[in-house]
Amino acid sequence: MTDPSIVGGCLCGAVRYRAEGEPAAVALCHCEDCQRQSGAAFSVNVLVGTETLVIDGAESLKVFETTGTDTGQPRQRRFCGTCGSPIVSELAEMEGMVAIKAGTLDDRSWIEPEMAVWTERKHPWLTADIELGEFPRDLPT
Ligand SMILES: [Zn+2]
Ligand SMILES: [Zn+2]
457 MTDPSIVGGC LCGAVRYRAE GEPAAVALCH CEDCQRQSGA AFSVNVLVGT
507 ETLVIDGAES LKVFETTGTD TGQPRQRRFC GTCGSPIVSE LAEMEGMVAI
557 KAGTLDDRSW IEPEMAVWTE RKHPWLTADI ELGEFPRDLP T
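Quick note on numbering: the sequence shown equals residues 457 to 597 in the working numbering.
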């Protein structure tokens, strides 16, 4: 069965992917490397079985292999070589699974993170008990 929700691609469109079935989990990761690679406060990861993932334009992907700064585990971070969008990460300790970067999904309306990891690296403002202003689109000018 194909879940049409797990379809996405990079910013420039060179890389497109789809995965079948339900995700195993949706997890936020606050680790040092996810922050650096994404340029954001944390990554949002949709974990699926590697064998369910089909990538079109995979030749456009580059891979950065690293040992996780926080985890000490090998990682293969695959990103579009043209536009730099992080697409998937393969984690050595989760063999047979791949973490899709949720920001690259076409439809993100169903995303409900179930867990957050490396919260000790969490930006201080994320835990602050404050009201954040919400803007549906860009900041008002
Ligand atoms: Zn791209
Ligand atoms: Zn991470």
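Just so you know, even glycine gets a beta-carbon here, dropped at the ideal spot from N, CA and C.
CA-to-CA, the gap between residue 497 and residue 570 works out to about 17 Å.
Our two residues, residue 521 and residue 596, have alpha carbons roughly 40 Å apart in a direct line.
Counting only the Cα atoms, residue 501 lies some 5 Å from residue 483. Look at residue 470: its beta carbon is less than 7 Å from one of the heavy atoms in ligand 1. A distance of 8 Å or more separates the beta carbons of residue 480 and residue 463. At the C-beta level, residue 531 and residue 514 stay beyond 8 Å of one another. The secondary-structure analysis by DSSP pairs residue 555 across a beta bridge with 503 and 545.
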